[in-house]
Amino acid sequence: MNENNYTPADEKALAMYYAYAALVKTLSDSGHLQMDDLFKNLAGATQQLGSIGETGAAAFLGAMSENLTSI
416 MNENNYTPAD EKALAMYYAY AALVKTLSDS GHLQMDDLFK NLAGATQQLG SIGETGAAAF
476 LGAMSENLTS I
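Counting the sequence shown from 1 gives a position; this note's numbering is that position plus 415.
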């Protein structure tokens, strides 16, 4: 545990996000992933989450998508 009092679930979620970002970067760098398609699909998933009332998850996914634009 760290000094920010993150729970083990928080730390696992952060680790999974970094693993996901590394996977996206690897696939993009190797030419196996079209980033435009990924962003389109992430936008659709974000919209679906919002439409079923999962606004927190939608906001998190939207922020994740924004962070991936720097890859």
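Just so it is clear, CB atoms sit at the ideal spot from N, CA and C, and this is done for glycine as well.
Given the structure is predicted, the values throughout are model-derived calculations rather than measurements.
Scanning S480, K427 and I486 for the CA closest to the CA of N456 turns up S480.
Counting every other CB atom within 10 Å of its CB across the protein chains shown gives T484 a total below 16, marking it as exposed.
Assigned with DSSP and collapsed to three states, Y421 falls in coil, not helix or strand. Between the C-alpha atoms of M431 and S466 there is a straight-line separation of about 25 angstroms.
With at least 16 other beta carbons inside 10 angstroms of its own, L476 counts as buried.
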